[in-house]
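Taken in sequence, the protein lines are chains Y and G. For the first sequence, the numbering used here begins at 470 and goes up steadily by one. For the second sequence, the numbering used here begins at 470 and goes up steadily by one. Take a look at the structure below.
2 protein chains.
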Amino acid sequence: MAKKVLKFGGTSVGSIERIKHIANIIKNENSQNNQIIVVVSAMAGKTNELIGYSNSISDNFDKRELDVLVTSGEQVTSSLLSGALIELGVKAKSWMNWQIPILTEGEHGNSRILNMNIEEINNFISSGGVAVIPGFQGISKTGEITSIGRGGSDATAVIVAKIFNTDSCDIYTDVDGIYSSDPNKIPVAKKIDKISYDEMLELSSLGAKVMQSSAVQAAMIYDIPINVKSTFSNRKGTKIFSQENIDYSKSVTGVAYSKDDAKITLIGVLDKPGVAADIFEPLGKNQINIDMVIQNISSDGKKTDITFTLKRVDLKKALKIIKENKKIKFIDIHNNDKVSKISIVGAGMVTTPGVTYKMFRALAEDNINILAISTSEIKLSVIINEIDTLKAIKKLHTTFDLD
Amino acid sequence: MAKKVLKFGGTSVGSIERIKHIANIIKNENSQNNQIIVVVSAMAGKTNELIGYSNSISDNFDKRELDVLVTSGEQVTSSLLSGALIELGVKAKSWMNWQIPILTEGEHGNSRILNMNIEEINNFISSGGVAVIPGFQGISKTGEITSIGRGGSDATAVIVAKIFNTDSCDIYTDVDGIYSSDPNKIPVAKKIDKISYDEMLELSSLGAKVMQSSAVQAAMIYDIPINVKSTFSNRKGTKIFSQENIDYSKSVTGVAYSKDDAKITLIGVLDKPGVAADIFEPLGKNQINIDMVIQNISSDGKKTDITFTLKRVDLKKALKIIKENKKIKFIDIHNNDKVSKISIVGAGMVTTPGVTYKMFRALAEDNINILAISTSEIKLSVIINEIDTLKAIKKLHTTFDLD
Chain Y
470 MAKKVLKFGG
480 TSVGSIERIK
490 HIANIIKNEN
500 SQNNQIIVVV
510 SAMAGKTNEL
520 IGYSNSISDN
530 FDKRELDVLV
540 TSGEQVTSSL
550 LSGALIELGV
560 KAKSWMNWQI
570 PILTEGEHGN
580 SRILNMNIEE
590 INNFISSGGV
600 AVIPGFQGIS
610 KTGEITSIGR
620 GGSDATAVIV
630 AKIFNTDSCD
640 IYTDVDGIYS
650 SDPNKIPVAK
660 KIDKISYDEM
670 LELSSLGAKV
680 MQSSAVQAAM
690 IYDIPINVKS
700 TFSNRKGTKI
710 FSQENIDYSK
720 SVTGVAYSKD
730 DAKITLIGVL
740 DKPGVAADIF
750 EPLGKNQINI
760 DMVIQNISSD
770 GKKTDITFTL
780 KRVDLKKALK
790 IIKENKKIKF
800 IDIHNNDKVS
810 KISIVGAGMV
820 TTPGVTYKMF
830 RALAEDNINI
840 LAISTSEIKL
850 SVIINEIDTL
860 KAIKKLHTTF
870 DLD
Chain G
470 MAKKVLKFGG
480 TSVGSIERIK
490 HIANIIKNEN
500 SQNNQIIVVV
510 SAMAGKTNEL
520 IGYSNSISDN
530 FDKRELDVLV
540 TSGEQVTSSL
550 LSGALIELGV
560 KAKSWMNWQI
570 PILTEGEHGN
580 SRILNMNIEE
590 INNFISSGGV
600 AVIPGFQGIS
610 KTGEITSIGR
620 GGSDATAVIV
630 AKIFNTDSCD
640 IYTDVDGIYS
650 SDPNKIPVAK
660 KIDKISYDEM
670 LELSSLGAKV
680 MQSSAVQAAM
690 IYDIPINVKS
700 TFSNRKGTKI
710 FSQENIDYSK
720 SVTGVAYSKD
730 DAKITLIGVL
740 DKPGVAADIF
750 EPLGKNQINI
760 DMVIQNISSD
770 GKKTDITFTL
780 KRVDLKKALK
790 IIKENKKIKF
800 IDIHNNDKVS
810 KISIVGAGMV
820 TTPGVTYKMF
830 RALAEDNINI
840 LAISTSEIKL
850 SVIINEIDTL
860 KAIKKLHTTF
870 DLD
C-alpha cells in the first residue's frame, strides 16, 4: 500500500475514450489498496483554444480574466474523470481549486502554489476514495483565480506530492519516458531508465518537451522522485531523481536541440566593466530572454567581441534596442537567424575527460561548422547553422554510444 | 440613471464576434450612467457538448460531477466578456458562483437560488463598473457546485433583479420578442408588444422557446418586469409584466402548439373515486409527465372514458405500465401517437364571450377534427391529428386577427 500522485497530461485526457482508458489505469492502482490523488490537465488543445479566443478579443487581454478563462479546462476533465471512475464502481470525487483550496502567491498567469488544505482529501483517500484535482491553478489569498503558468499541471503534481507527503509522483504522458534524443527525428534514440534532476533540467530547457522545467526544479528542491511513464503502453518509464542515486556508466545521457534560435555578434565592444550589463539590461527589461553569452578575452585589452543567442522571434526587437542604445559602442553588428543549438547532456561528463574534444572532432568529421560554444558542468552546447541540425544530432548520438 | 440586469443567452455569446458585439451594447448602456449587472449563458451548443461527453461515459453520470462539468461553460463566457469590455475601456470584472457566492438549495441539476452576497458587486457597479456573473449555477450550503436546471440563466437573471432590486431585467436573445405564433411556420405571425406573466407561462409551456417557464414563474412571483429583446436588431422587444398593466383590446394573444404528443384513451373505466389516482400514480412514479386529462360524466353513473395526452416518447412505457397494473379495470384501450396540441392563449379570453365557439367553428370550417378539448381561464387547447397542425395554426391566427 502506497500513497501516490498520478498526473495525466492533455493528450491522456484528450478524448472520452482516453478518459475511460485512464480511469481503468487509476482503478487498477486503487484496487491495489493505494491511496490515490489524481492531477489532471485540460483536454489537449483546449487551453490553446481558450487563449486563441482571448487573443481574438485583445492583444493585451486582462490578466485576471485570462486566468478565469484558462483554468476552466481542468474543471471539465476533473469532473469527466471522476464520473468515469464512479461509472467503474470506484469511489471518486473532484475538488476545484477553491474547494480544496489550493493557495497561491505571485502574479496572474505565473503564480506559485503555497499550500493546500489536506485534511478533507486525506480523509477521502484514507477511506478508499480517489481524489481528482485540477492542475495548473489555485486561488490567491484574496480569492482570485490564479494560474501557475503553462505546463503548470506537472508542477501541481510535484507540489501535491510534497504537501501530501506521498510515496511517489507518476507523470503519465504520451511518450513512454525520456529519450536520449528526439525519437521522432532520431529513430535510434533510446529511452533513458534513470536520469538526475540536473540532467533533466538541462534537457527540458534545451527543448525536450516531456516535462516542464519549473516542475523538474520543484521536484529537485523538494527531492520528490518522479516516474515519467506512458498512458498508452505498459513499458517501464524513466525515473527522475537525485544524482547520488544514479550509476553513471556513460558520460553522456542525451542529445538535445533547440530550434528557432538566432545569434547576434557585437564586434569591437569596449572591454571594460559594465559593458555587458549595459547591453543586456535593456533587453531583459523588454522581456527578451538571452540564452548563451560568449565573450573572449580581448587580444589588445581594449576591444572585444560579444556573441549571444536568443529566440528568433525576438531578433528584430533586440537589434532595434541595441542600435538605439546610446550607451553601447561597437564597430559592427552581425546577426544570423538561421542557427540552432545542439547540446550533449550528462552528469557523468564532468568526470570523463575528453568529452569536449570528442564532440568537436565528431562535428568536424561531418563538416559541421561550430559558430559558438558554451559549457556547464553537465552540458556542452554549440551553436551551428540550422541546416546541419539533424546531421549533428545523429552524429553525436552515435559518437556517444546512445544508439 | 437606472440599475439594470442584462442577460445574454447562448447564441448571443456564441462566437467571439458576438461577444464583441454585446460588449458594445453593454458599453452603450454603461455610458448612459446605468449600473449594470450582466448575466451570461455558456456559448451556444457548449452545454449540450458537455452533456454529450457525460453521456458517452455513463447512462447515469454522477449528478454531483455533472454539475461541476456543465457549469464550466459560463466561466468561459464570463471571462471573455469581461475581457472584451475592458478592451473597450469599460471597467468590468467577472465573479464566479463561489466568489459572490450564489447560494442555492435543492438537488444537483435542479437547484434554486436562495440568496447572493450583494455588497461587493453593489460597490463595484456604484463606482461605474460592469459586473459579469455566470447564469445557471450557484453553490450549496456545503460548498458543492450546483446547477439550476436547463435554461436556468434566465432564472438567474430574474433572481439577480430581485435580490439587487434593479429597475429592469432585459433578456437579450436571438429573436426580437414574443410572437403570436411561431414566425418560422406562420410568416404573418406578429410580435407581441406586451404580454402578461400568465400568458407567457402558457405560451412557454406550450412550446414557445423564448423564455424558460421557471424563469417566467420567478418573475411572476417577484413581480419583476422583463424585457425580451434581440441582440441582433434594434427593434423594440416584448415586455412581460403583470396582467393589470395590460390593456386587452384583443381576446387572444397568441397561438401555440406542441409537437411529439400522443393520446391514450381508456374505455369503460369504473366511475368511482380513486380510479384516476390509480391510473396516474404509477405513471408519475415512472417519470411520465401527463399533460391534458379529459373525463366526461358517465351516462349511466357506472362506467366512463378517460383520455389523456403525454409525450410521444413515453407512449410505449405508459401503455405497458397501464396494462400491467392490476388495479385498473377497463373494457378497451386506444392510443394515437400522431397527435398535436394547438392552444389559443389570451388573458382577455375570460372576459370575451364566444372565443370557444369561434375556435371550434374555425377548425370545423377547415375540416380539422378535434380529438379532445381542455380549457383554462386564459387558454383553450385542442388535440388534433398531427397532419392538421400547420393548417390549424394558420386558421386560428387569422380567425383571431393576429395576422
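Just so it is clear, CB atoms sit at the ideal spot from N, CA and C, and this is done for glycine as well.
Please report the straight-line C-alpha distance between aspartate 536 (chain G) and phenylalanine 605 (chain G), rounded to a whole angstrom. 10 Å
Please identify, using Cβ separations under 8 Å, the residues of the stretch 584-616 of chain Y that lie next to chain G, in order along the chain. Gly612 and Ile614
Against chain Y, does serine 481 (chain G) count as a neighbour if the rule is that its beta carbon must be under 9 Å from one of theirs? no
How far does the alpha helix (DSSP H) with glutamine 544 (chain G) in it reach, from first residue to last? 541-556
Is histidine 803 (chain Y) buried or exposed, if buried means 16 or more other CB atoms sit within 10 Å of its CB? exposed
Touch test, the stretch 746-758 of chain Y against the stretch 828-846 of chain Y, Cβ-Cβ under 8 Å, three pairs minimum: no
Identity of the residue in G:Ile690, G:Tyr826 and G:Val851 nearest serine 727 (chain G) by Cα: G:Val851
What does DSSP give as the partner residues of glycine 723 (chain Y) in its beta bridges? Y:Val814
How far does the beta strand (DSSP E) with threonine 868 (chain Y) in it extend, from its first residue to its last? Counting along the chain, threonine 868 (chain Y) falls outside any beta strand (DSSP E), though it belongs to the alpha helix (DSSP H) covering 858-868.
For threonine 540 (chain G), which option in G:Tyr826, G:Glu518, G:Ala553 and G:Ser527 has the closest C-alpha, if you only look at C-alpha atoms? G:Glu518
In whole angstroms, what is the alpha-carbon distance linking methionine 689 (chain Y) and valine 697 (chain Y)? 15 Å
For the beta strand (DSSP E) containing glutamate 576 (chain Y), list its first residue and its last residue. 571-576
For leucine 871 (chain Y), the three-state DSSP class (helix, strand or coil): coil
Starting from aspartate 747 (chain Y), follow the alpha helix (DSSP H) in both directions and report where the run begins and ends. 744-754
Looking at aspartate 872 (chain G) and lysine 705 (chain G), is the spacing between their C-beta atoms short of 9 Å? no
For the beta strand (DSSP E) containing serine 850 (chain Y), name the first residue and the last one. 848-854
Taking the beta carbon of aspartate 623 (chain G) as the centre, do at least 16 other beta carbons fall within 10 Å, making it buried, or is it exposed? buried
is_contact[arginine 411 (chain G), chain Y] using C-beta, thresh 9 Å: What is shown of chain G runs 470 to 872, which leaves residue 411 (chain G) out entirely.
Mind reading off the beta-carbon distance from isoleucine 811 (chain Y) to alanine 861 (chain Y)? Whole number of angstroms is fine, and I expect it under 8 Å. 5 Å
For lysine 780 (chain Y) and glutamine 686 (chain Y), what's the separation of their Cα atoms in angstroms? 22 Å
Does the distance from the CB of valine 808 (chain G) to the CB of isoleucine 853 (chain G) come in under 9 Å? yes
Segment contact flag, the stretch 564-571 of chain G with the stretch 587-605 of chain G, C-beta cutoff 8 Å, min 3 pairs: yes
Pop quiz: isoleucine 582 (chain G) and isoleucine 617 (chain G) are said to be a contact at Cβ under 8 Å. What is the actual Cβ separation, rounded to whole angstroms? 6 Å
State yes or no: is the beta carbon of threonine 540 (chain Y) nearer than 9 Å to at least one beta carbon in chain G? yes
Proximal residues of chain G, C-beta to C-beta of leucine 572 (chain Y) below 8 Å: The contacting residues do not exist; leucine 572 (chain Y) stays about 15 Å from chain G at best.
Count Cβ pairs between the stretch 549-556 of chain Y and the stretch 510-526 of chain G that sit closer than 8 Å; are there 3 or more? yes
What residues in its chain sit with their C-beta under 7 Å from that of aspartate 740 (chain Y), if we drop five residues either side in the sequence? Ser767, Gly770, Lys771, Lys772 and Thr773
DSSP three-state label for serine 510 (chain Y), please. coil
Going by DSSP, which residues form a beta bridge with alanine 561 (chain Y)? Y:Val599
Min CB distance valine 824 (chain Y) to chain G below 9 Å: no
Mind listing the chain G neighbours of glycine 552 (chain Y)? Cutoff is C-beta to C-beta under 8 Å, in chain order. Ser523, Ile526, Ser527, Phe530, Asp531, Glu534, Leu535 and Leu538
Rounded Cβ spacing between leucine 784 (chain G) and alanine 731 (chain G) (contact assumed at less than 8 Å): 4 Å
List the residues of chain G that leucine 549 (chain Y) touches, going by C-beta distances under 8 Å, in chain order. Tyr522, Ser523, Ile526, Glu534 and Leu538
Extent of the continuous beta strand (DSSP E) to which serine 650 (chain G) belongs: Serine 650 (chain G) -> no beta strand (DSSP E), and no H or E assigned at all.
With the cut-off set at 9 Å, would you say aspartate 645 (chain G) and phenylalanine 593 (chain G) are in Cβ contact? no
By the DSSP assignment, the alpha helix (DSSP H) with valine 697 (chain Y) in it spans what residues? Looking at the DSSP string, valine 697 (chain Y) is not in any alpha helix (DSSP H); the run it does join, the beta strand (DSSP E), is 695-699.
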